[in-house]
Each structure stands twice: as structure tokens, then as C-alpha cells.
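Before any comments, here is the structure.
Residue numbers (my numbering): 3 to 382.
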């Protein structure tokens, strides 16, 4: 599994003489592997603990989830994308102008395998949940389903969401940077992440459980469109933990629906509602990103008779968190900063979430947007 100098020469010379079966891409990739990879393939251990090995540089990617594409953008690797999911085509040109005209490869749940195969990608990056149990179709079953329908194409299952710890996320960014030959970009982001996160975690990891406000983190997903009608709880949500909150659902086996009575018994002091008000057709960085649905859902909670005595409602500590672009992936540091400021203003008088957010936008998203003019990621 190691490319030797002799093998490289034996590939290049016939090509230069117009002989043999090697193409220009073949000899170019071989030269790159020899010069920059030490002649050895690169292996990525995915979220399931399975190794995915690459024998040539990754130049063509199909990725079907906005958060994964945001991570690729942070690593300055969106030029490698050749296909995206249906939700990304036509998505806000403010955040992803470079993706707006790419081929539609179907949704994350129902990929268009014919379209994907026609693009000849070097790797396919799906959305799934690597922490789901084996019987779940969102977990390892889905990976096997994708592998079966994409023969010869590596399926790279990165985690990149809020259900794993920050330490895991950072190592994943570093490993992804390595296989994409974007090591410098990965380290630049990691430096930013740790510089912003460390002062927060240094404080919050020393808090007792009694010092941590009770937090209900929920969303409109699986609720029929109204959070109070069929309440949903996230049992794992790393930004809340890092920000010094106490997730009221942390003791439950997995993210589930619960009765409203159960929420009332827990008496959350803060409610964070994840919402994607515009479906998956816009990003919150778009100037016309609609906030009406978010405002409506906050009003539903604040006006709920059943929740009227819950501490978060009494004190009007009900906030909206934009789902994919502020809580997941590389933007998780943004949500953590805003949440820490809300949960513990007494400990973070000098914490400036907007400045952190603006630096992220300027340095890593590389878009011309002032966060002070945005519908902020958290508002009540």
C-alpha cells in the first residue's frame, strides 16, 4: 500500500510516450500522493469507528447536508463540491453563492443515486446519526444502504453535530483537514474555536449542578408544527452543557417526545427552541430570512396556560436558536457563546458573542455580512 519512486516513474514515462492506460489525472494524483502523502494512502476513522481509506487526492465531493457543507466552507474546500442535496440548490446565495448552481443529487433522506454516480465523486458525505442504535435507519443501517447503492464510492460519515463532545468535534475537523489536504485551514479554525471556547469552559466546568440553570432544548421537528402540542427533548446537546446549562432531559435514554406535564415537572429556567423558519431553502445570513414562524412559536410558549407557571415562561427566558447554522458543526462555538452569556451573565461580563460571531463570518465563511444586522441566532 505504498507508492514507490520506481512505480511512479513507471507510470509517468509510458504516459509521456503516449503508451499505457494511465490518464493525466492518474499520473497527477500519483505524483501528489508520492510528494505530499509520502506515497501512502490516507485513512479516516468515521463516526462509527470504521476506517475509510483514500488512495488518491479528494478532488470531487458530493455532500448532502448544509452543516457538512459549512464545515467544508470553513476549510476552504467548497471548490471540491460537484453535487449537493435538493435542500442546498437554490439556498441563500449570501452564505453559499458557490453552491447555487451545482447539480441536485436528491435529498439527504432520498438520494438520487443515478445523479451521484454520474458525477464520479471521490467521496460521498451523507447526513446520518452515528450515535443512533443499530436498528435505526439514521445510523449504521443507512451507511450500509448508501454503500450498497454507491458501489466504488467511499461513504464518509462525519459527525459534525451537537450530539458529540467538543473534543471529538475538534479531532474530526483535524482528520478531515488531513484527508482534504487542508491541514493549515483546519488548524486555523481549531485555534479560533479553542480561543473562544476555553474561557467559557474554564468557568462552566467548575460549576456545581445547583449553579447550572435548568434548560429545555427542543425543536419543531416531529411535533406537528407546534412545540407545546407534542414536546420534543434533546437528551444530548453539547452547546448547552458547554455554556453551563443543565439539560433537563440528560437522564433520558435518547431524544424523544415527552408529555407537556413532564416538562412542567422539570420546571426549566430557560427554553431554547431550535427552528429553521425557512425550511432548508435559506440561511439565516440571508437578508430576507423570515422570522415570523420563530416569533409565533415563542408567543405560543409564552402564552401557554399549561406552561404559565414554568420559570422560563414567568421570567420570559424563551429563546430561538437557528437550527443548522448556529448550533451544529463549526458554528457550535457561536451558539455556546450566546448561551453562556444568557445563562450566566454574572460570570461573563466581558464575553462578546457578536464579536465572536463576526470573526467567524469574516474569517471562515468569507461573506460580506454584518451580524448586527442579522436576525440573531438567539432572540426572544
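Don't be surprised by glycine CBs; every beta carbon is placed ideally from N, CA and C.
These figures come from a predicted structure and were not determined experimentally.
Name the DSSP bridge partner or partners of residue i?
{"i": "residue 55", "result": "45"}
{"i": "residue 324", "result": "277"}
{"i": "residue 216", "result": "248"}
{"i": "residue 259", "result": "234"}
I need the boundaries of the alpha helix (DSSP H) containing residue i, first residue and last residue.
{"i": "residue 231", "result": "That residue, residue 231, is in no alpha helix (DSSP H); it is neither H nor E in DSSP."}
{"i": "residue 65", "result": "Not the alpha helix (DSSP H): residue 65 falls in the beta strand (DSSP E), residues 63-65."}
{"i": "residue 313", "result": "313-316"}
{"i": "residue 180", "result": "168-181"}
{"i": "residue 359", "result": "355-362"}
{"i": "residue 2", "result": "With the chain running from 3 to 382 in the structure shown, residue 2 is simply not present."}
{"i": "residue 342", "result": "334-345"}
{"i": "residue 60", "result": "Looking at the DSSP string, residue 60 is not in any alpha helix (DSSP H), and its letter there is neither H nor E."}
{"i": "residue 150", "result": "142-151"}
By the three-class DSSP mapping on this structure, what secondary structure does residue i have?
{"i": "residue 221", "result": "strand"}
{"i": "residue 406", "result": "The structure shown has nothing for residue 406, since the chain only spans 3 to 382."}
{"i": "residue 272", "result": "strand"}
{"i": "residue 249", "result": "strand"}
{"i": "residue 235", "result": "strand"}
{"i": "residue 298", "result": "helix"}
{"i": "residue 113", "result": "strand"}
{"i": "residue 108", "result": "strand"}
{"i": "residue 13", "result": "helix"}
{"i": "residue 161", "result": "coil"}
{"i": "residue 282", "result": "Unreliable positioning characterises residue 282 in this predicted model, as indicated by a pLDDT of 47, which lies under 50. The coordinate reading is nonetheless provided below. If DSSP states are grouped into helix, strand and coil, residue 282 belongs with coil."}
{"i": "residue 187", "result": "helix"}
{"i": "residue 241", "result": "helix"}
{"i": "residue 331", "result": "helix"}
{"i": "residue 80", "result": "helix"}
{"i": "residue 2", "result": "Shown here, the chain extends from 3 to 382; a query on residue 2 therefore has no answer."}
{"i": "residue 32", "result": "helix"}
{"i": "residue 39", "result": "coil"}
{"i": "residue 1", "result": "Residue numbering for the chain in the displayed model covers 3 to 382; residue 1 lies beyond these limits and cannot be assessed."}
{"i": "residue 102", "result": "coil"}
{"i": "residue 203", "result": "helix"}
{"i": "residue 368", "result": "coil"}
{"i": "residue 194", "result": "helix"}
{"i": "residue 2", "result": "Here the chain covers residues 3 to 382 and nothing more, so residue 2 does not appear."}
{"i": "residue 319", "result": "coil"}
{"i": "residue 310", "result": "coil"}
Along the chain, where does the beta strand (DSSP E) that runs through residue i open and close?
{"i": "residue 126", "result": "125-127"}
{"i": "residue 83", "result": "83-86"}
Counting pairs of Cβ atoms below 8 Å between the region 27-40 and the region 48-59, do you hit three or more? yes
Are three or more beta carbon pairs between the region 103-117 and the region 77-86 nearer than 8 Å? yes
Within 8 Å, do at least three Cβ pairs link the region 233-244 to the region 252-269? yes
Count the CB pairs spanning the region 366-376 and the region 105-125 that are closer than 8 Å, and state whether there are at least three. no
When the Cβ atoms of the region 33-46 are set against those of the region 139-155, are three or more pairs found closer than 8 Å? no
Counting Cβ pairs, one atom from each stretch, are 3 or more of them under 8 Å apart for the region 244-256 and the region 189-197? no
Three CB pairs or more closer than 8 Å across the region 71-81 and the region 169-180: yes
Cβ contact (3+ pairs, closer than 8 Å) linking the region 300-309 and the region 195-209: no
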